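In our numbering, the protein residues as written are 2 to 77.
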């Protein structure tokens with residue numbers, strides 16, 4: 002089995018004008034937290050399944066529809 006290069010799992014995104022490189026399998030909120038960008042949240046806990054109940058972490062995604070909860074929206 003071929004070893005997967007960790008670079009293959011990264012993606013470049015822009016959050017509030019800041020370019021960041023994050024894991025493809027993360028959500029917007031965790032990507033922001035890992036990049037020292039503050040998005041307010043209440044019900045999110047890293048390592049547990051997110052369900053976006055509090056709606057405190059809603060964001061505007063360029064090219065997207067509505068205002069999704071960043072804790073339930075994948076970056077890729």
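By construction, the Cβ of each residue, glycine as well, lies at the ideal position given by its N, Cα and C atoms. Predicted model only: the values in this text are computed from it and were never measured.
C-beta contact flag for residue i and residue j at 8 Å
i	j	result
residue 1	residue 45	Here the chain covers residues 2 to 77 and nothing more, so residue 1 does not appear.
residue 77	residue 29	no
residue 47	residue 60	no
Residues bridged to residue i [DSSP beta-bridge criterion]
i	result
residue 28	75
residue 23	12
residue 70	59
Assigned exposure category for residue i - 16 Cβ within 10 Å defines buried
i	result
residue 39	exposed
residue 53	buried
residue 23	buried
residue 71	buried
Nonlocal neighbours in the same chain, by C-beta distance under 7 Å from residue i, ignoring five residues either side
i	result
residue 27	76
residue 17	38
residue 14	21, 23, 32, 76
Same chain only: Cβ atoms within 6 Å of residue i, ignoring 5 sequence neighbours per side
i	result
residue 32	23, 76
residue 55	43, 44
residue 62	none
Cβ shell of residue i (< 8 Å), same chain only, five flanking positions each side left out
i	result
residue 2	At residue 2, the pLDDT of 38 sits below 50, so the modelled position is not reliable; the number obtained from the coordinates is stated separately. Excluding residues within five positions, none has a Cβ falling inside 8 Å.
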